[in-house]
Amino acid sequence: MTTLASHQSEVRTGRDGFGRLVHAEWTKLRTVRGWVVALLLIPVLTGLGALLLTNVSCSLVGVDGQPVACVAPATGPGGEAVADSFYLARQALAGDGTITARVTSLAGRHTPVSTSPTPVTGGFEPGVQPWSKAGIMISAGTAQGSAYAAMMVTGGNGVRMQWNYTGDSAGLPGTVSASSPRWLRLTRSGDTLTGYDSSDGTHWNTVGSVVLSSLPSSAQIGLFATSPSYIVLAPTFGGGQSQATGTFDRIALTWPGATGRWIGTGIGSDPAGPNGPDPFTGSFTHANDTITVTGSGDIAPEVPETWDGVGVKAQDALTGTVVGLIPATIVAALFVTAEYRRGLIRLTFAAAPRRGRVLAAKAVAVGSATFVAGLVGAAIALASGIRLLSAGSPVLPMSTFTEVRMVVGTAALLAVAAVLALALGTLARRGVTAVTAVIAVIFVPLLLATLPGLLPLGTQEWLLRVTPGAAFAVIQSLPAYHQVLGQYQPAFGYFPLSAAAGFAVLCAWTAAALAAAGYALRRRDV
Amino acid sequence: MPLILDAPDEGTALIGGTPHTALHAPLTHIGALLDAGALQPSRSARNHLLWLAHSQGLPARRVDEVVEQVGLGSAARRRAGGYSLGMRQRLGIAAALLGDPGALMLDEPFNGLDPEGMAWIRALLRTLARQGRAVLVSSHLMAELEDTADHLVVVGRGRVIADTGVADMIAAASGDRVHLRTASPAEAMTALANAGATAVFGDVDQLTVSNLPAERIVAALTRAAVPFSEVSAHRASLEEAYMELTRDKVDFRAVSPE
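Residue numbers (our numbering), protein chains in the order written: chain U, 1 to 526; chain X, 527 to 784.
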């Protein structure tokens, strides 16, 4: 062994460790003009997606075939947009009490399948929808969006307790008939509403109990019916309106001030509107202690992907994210492959022999830069996109938490995907191979899964559970509601995984690729 | 190999007694010129040195110092892709000097340099060695090494063929031969043979004499009254010494005739 060096370096080195490697990698990143341009393209392209949305307009058509001005849907107590149309036979009653009723029938009719949203005025067909509803309700008022809790029978989902539009709890299964009636009971005690069901009126089960803090002392107590429009996907796309009639008897009101007089009110309907009479105008009859209520619509969250859904989702403003992902991933891949191409990687490792730390420093540098660029792009895209969208159609509201999650999630998605591309670049070493790998791993599955009709729905959803594109769930602005039948498909912006789970899938891919890249760096010569 | 860019089949390489991977700021211990073309073409020389300095925790001031030291000056702010081979060579040497290391490993540092650059790097290498640094130079330019190197390791086909001082190696290749210029070569050969020397004909009026020191050659010729015009000790060049050394390594030369 020959021992070298009697000269001792006289230069002073500053801070030790990982920080200076990150500093070095950041210096590399910012001193190549092409990469800086690409990093600046991330917010530009992400934001440009919003500009493509200007011609989105409302597509509702009235009975006379003329377009109807889209009115922003009402919002529920939770701030979400709601569909709130039904017929209610009600009494205003103060204080605590209990309403009980037996449902002996839920019948319905609907328009034949239509391919345009123009209401059909004749030729109805019998039948109920899975979420046709009839039952008893305690509501804060008759305005759309009022706080409520209700016990109901449904066309295909058994007895349910629902409250404040998004809450849903299952009771007795099966359909209702004269031979198999359902007893429903709703009790108010202060702000607490409790629902019960029974098949015989003797043995009662508790279905749910909720606290409605915004319920006034004098609430509307009543019987209701409604039925949502339906969608048919095969053989061709179509849908139509429907109506449901519930038949109630054995009605018992244990309430101070209760009478036998019921007031019929169509909530959210406008029977004498400019479009003429609505063929599905609700009504109620009361004879021999039996009440029938007929109504159309839904008491549920507003979902644009239904037959008569209104509004657009704010996530459309973030459509550009996938375009911003292109420069983000390509810069990250080239950030490392350029060093292999020029042999510069040898100098990098001579300067920092612990290669895993170099990879980590590169990941921090390119990930942070992409995150900041993505954050700016997503914030601009969402703010300007919502403004552009609302010019044509109401943008369904969402919570501040959701907005923050969408913006920060988009930035994090871009950053982690960039680190994935960096790891793939480290494994591939050649720029062309790396970019091909990025396209194959990130973009191809994403496009196959989100472009409408390219693959069967099940395959598309499967892809979005297992490929990095699952992370696009972070931009989903509205959840899919099981109690509203809609086209919850990737093509319409509904992802099979939650934002956190989808993001975790991307993180798992990135962690695996980083581990493989770190292993390869240690194993191979440069 | 000491930089562990390529893993050894066996053995270890230490720098100042420490493995490269354990060095706190490796470039302050060993600087290397690996490949002058190892640059991001669109990055300026100064920024190239800047990231390298950051990776060692060195201040940006140190970058300006080495830029001046290698004579890049104002060109350092231009993109390195537009550099001549000689300028890239200077940039690579600046990178090696950045950490003011005690050991330098320079691969073919003379490549692409003009005569002025050659003189500059020879002087630089001597200066660096005089400052107490170990300067390892690998090169195929024997003439340059002859003037600059103190110690020589000849490697062929992955094996050490020679590990010796440059002066020793040249002396060994030179032998004790003496060149003799004379108008009477036949008489001179006789006289020298009598004195115990071996002489062979070289050019027309020249003999190469071995086994006898120059002063005893002069004495023998004088005693025999043989006229001569020049007696000079033969000095091999490093290139000759190298050829001499590798002459027997037929295998090596057949594969790699350089």
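We treat Cβ as the ideally placed atom computed from N, Cα and C, and that holds for glycine.
Using the three-state DSSP reduction, which class does residue i fall into: helix, strand or coil?
{"i": "V526/U", "result": "coil"}
{"i": "M152/U", "result": "strand"}
{"i": "S498/U", "result": "coil"}
{"i": "D640/X", "result": "coil"}
{"i": "Q162/U", "result": "strand"}
{"i": "E741/X", "result": "helix"}
{"i": "T748/X", "result": "helix"}
{"i": "L576/X", "result": "helix"}
{"i": "L451/U", "result": "coil"}
{"i": "F472/U", "result": "helix"}
{"i": "H550/X", "result": "coil"}
{"i": "V757/X", "result": "strand"}
{"i": "T236/U", "result": "coil"}
{"i": "S198/U", "result": "strand"}
{"i": "N157/U", "result": "coil"}
{"i": "W183/U", "result": "strand"}
{"i": "R685/X", "result": "strand"}
{"i": "P301/U", "result": "strand"}
{"i": "A272/U", "result": "Annotation note: pLDDT 45 at A272/U (below 50); position unreliable, coordinate value reported separately. If DSSP states are grouped into helix, strand and coil, A272/U belongs with coil."}
{"i": "G318/U", "result": "As written in the sequence, residue 318/U is Leu, which differs from the Gly given in the question. Correct three-state label for L318/U: helix."}
Closest to residue i by C-alpha separation, out of the options, would be which residue?
{"i": "A379/U", "options": "G320/U, G431/U and G97/U", "result": "G320/U"}
{"i": "V592/X", "options": "A621/X, S570/X, Q582/X and R614/X", "result": "A621/X"}
{"i": "Q162/U", "options": "A511/U, F472/U and P301/U", "result": "P301/U"}
{"i": "A74/U", "options": "T175/U, G311/U and F280/U", "result": "G311/U"}
{"i": "S180/U", "options": "A500/U, T194/U and G201/U", "result": "G201/U"}
{"i": "D676/X", "options": "I696/X, R742/X and P534/X", "result": "I696/X"}
{"i": "G238/U", "options": "L193/U, A219/U, A314/U and S114/U", "result": "S114/U"}
{"i": "G356/U", "options": "A515/U, A470/U and L39/U", "result": "A515/U"}
{"i": "A328/U", "options": "M406/U, T46/U and P173/U", "result": "T46/U"}
{"i": "R429/U", "options": "F335/U, S214/U, V408/U and G486/U", "result": "F335/U"}
{"i": "G469/U", "options": "L521/U, L325/U and A361/U", "result": "L325/U"}
{"i": "P753/X", "options": "A564/X, V596/X and T708/X", "result": "T708/X"}
{"i": "A383/U", "options": "V407/U, V364/U, V372/U and S393/U", "result": "V407/U"}
{"i": "T175/U", "options": "T467/U, T104/U and R261/U", "result": "T104/U"}
{"i": "T772/X", "options": "A750/X, V679/X and N737/X", "result": "V679/X"}
{"i": "L576/X", "options": "R20/U, G76/U and D525/U", "result": "R20/U"}
{"i": "A418/U", "options": "A351/U, A499/U and A360/U", "result": "A360/U"}
{"i": "F503/U", "options": "T426/U, A434/U, L454/U and R405/U", "result": "R405/U"}
{"i": "T192/U", "options": "T467/U, G158/U, A150/U and S177/U", "result": "A150/U"}
{"i": "Q476/U", "options": "P456/U, A500/U, G458/U and T459/U", "result": "A500/U"}
Give every residue of the same chain whose Cβ lies closer than 8 Å to the Cβ of residue i, excluding the five residues on either side of it in the sequence, and list them in chain order.
{"i": "A244/U", "result": "L106, A107, G108, V128, Q129, S132, K133, A134, G155, A225, T226, S227, T294, G295 and S296"}
{"i": "T348/U", "result": "E339 and V358"}
{"i": "L598/X", "result": "A571, M613, R616, L617 and A620"}
{"i": "S199/U", "result": "L172, S180, P181, R182 and W183"}
{"i": "D532/X", "result": "none"}
Please list the partners that residue i has in chain X, where partner means a Cβ-to-Cβ separation under 7 Å.
{"i": "K28/U", "result": "W577"}
{"i": "D525/U", "result": "L531, D532 and A533"}
{"i": "V11/U", "result": "T554, L584, R588, G625 and D626"}
What residues of chain U sit near residue i, judged by a beta carbon separation below 8 Å?
{"i": "L553/X", "result": "A350 and A351"}
{"i": "S568/X", "result": "V32, R33 and G34"}
{"i": "D561/X", "result": "G343 and R346"}
{"i": "L565/X", "result": "R342 and L344"}
{"i": "A621/X", "result": "L347"}
Taking Cβ-Cβ distances shorter than 9 Å, what residues in chain X pair up with residue i?
{"i": "A24/U", "result": "L576, W577, L578, A579, H580, S581 and Q582"}
{"i": "A501/U", "result": "Those do not exist, as A501/U stays about 38 Å from chain X at its closest Cβ, beyond 9 Å."}
{"i": "A317/U", "result": "Those do not exist, as A317/U stays about 35 Å from chain X at its closest Cβ, beyond 9 Å."}
What in chain U is Cβ-close to residue i, meaning under 9 Å?
{"i": "N573/X", "result": "T27, K28, R30, T31 and V32"}
Measure how close the beta-carbons of residue i and residue j come, nearest whole angstrom, since I'm counting them as under 8 Å.
{"i": "T306/U", "j": "V438/U", "result": "Their Cβ separation, rounded to whole angstroms, is 37 Å, which puts T306/U and V438/U out of contact at 8 Å."}
{"i": "A140/U", "j": "L215/U", "result": "5 Å"}
{"i": "I99/U", "j": "L233/U", "result": "Not a contact, Cβ separation roughly 39 Å."}
{"i": "A601/X", "j": "V589/X", "result": "So it is not a contact: roughly 14 Å between Cβ atoms."}
{"i": "F443/U", "j": "A411/U", "result": "Not quite, the Cβ-Cβ distance comes to about 19 Å (not below 8 Å), so this is no contact."}
Strictly below 8 Å CB to CB, what residues from chain X border residue i?
{"i": "Q8/U", "result": "G628"}
{"i": "R20/U", "result": "H580, S581, Q582 and G583"}
{"i": "R354/U", "result": "T547"}
Tell me which same chain residues have a C-beta within less than 6 Å of the C-beta of residue i, skipping the five on either side of it?
{"i": "P496/U", "result": "E461, L464 and R465"}
{"i": "G95/U", "result": "P256"}
Taking C-beta pairs closer than 7 Å, name the residues in chain U that residue i reaches, listed in chain order.
{"i": "A558/X", "result": "A350"}
Starting from residue i, find everything on chain C with Cβ-Cβ shorter than 8 Å and list it in chain order.
{"i": "A338/U", "result": "This model lacks chain C altogether, as its protein chains are U and X."}
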